[in-house]
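Take a look at the structure below.
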Amino acid sequence: MIQPASLEELASLVEKDGKKVFLFVADWCGDCRYIYPALPEIEESNPEFTFIRVDRDQYIDLAKLWDVYGIPSLVVLEKDKEIGRFVNRDRKSKQQ
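Counting from 309, one number per residue, gives the positions in the sequence shown under the numbering used here.
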């Protein structure tokens, strides 16, 4: 999973060709920590996607711009267009 070190790196990932899953999380988020162990298997099962972990607190302006108000949240882009989103205040399962 890619963890961008700067806003510039994050912006370049948004523009990159292909399908990307942006996972908005925060270190203090219990539900985020709950799903972390399942992420490697999810990535391996979905090689057509690039997975990017976005620290919601570090990139709060992007979270607001993308209307990400709850975490963990997944926003899926193809090129720079949103093609999917999964936001739910209930705890996520690996299947979700």
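C-beta atoms are modelled at their ideal positions from N, C-alpha and C, and glycine is treated no differently.
Remember, predicted model here, so these are calculated numbers, not experimental data.
Cβ of residue i within 8 Å of Cβ of residue j?
i: Arg-364; j: Gln-311; result: no
i: Leu-385; j: Phe-330; result: yes
i: Phe-357; j: Lys-327; result: yes
Locate the beta strand (DSSP E) running through residue i, then write down its first and last residues.
i: Ile-360; result: 357-363
Can you give the Cα-Cα distance for residue i and residue j, rounded to whole angstroms?
i: Ala-319; j: Glu-349; result: 26 Å
i: Ile-379; j: Ile-343; result: 11 Å
i: Gln-404; j: Lys-389; result: Per-residue confidence for Gln-404 stands at a pLDDT of 47, beneath the threshold of 50, marking its modelled position as unreliable; the derived number appears in the next sentence. If you take the alpha carbons of Gln-404 and Lys-389, they lie about 21 Å apart.
By the 10 Å Cβ neighbour count, where 16 or more other Cβ atoms means buried, how is residue i classified, buried or exposed?
i: Arg-399; result: Unreliable positioning characterises Arg-399 in this predicted model, as indicated by a pLDDT of 49, which lies under 50. The coordinate reading is nonetheless provided below. Per the 10 Å Cβ criterion, exposed.
i: Tyr-367; result: buried
i: Lys-373; result: The amino acid at residue 373 is misidentified as Lys; the sequence shows Leu. Classification of Leu-373: exposed, given that the 10 Å Cβ count is below 16.
i: Lys-387; result: exposed
With DSSP run on the structure shown, which of helix, strand or coil describes residue i?
i: Val-376; result: coil
i: Gly-338; result: helix
In the DSSP assignment, find the unbroken alpha helix (DSSP H) run with residue i in it and report its ends.
i: Ser-314; result: Note, Ser-314: premise wrong, no alpha helix (DSSP H); not H, not E.
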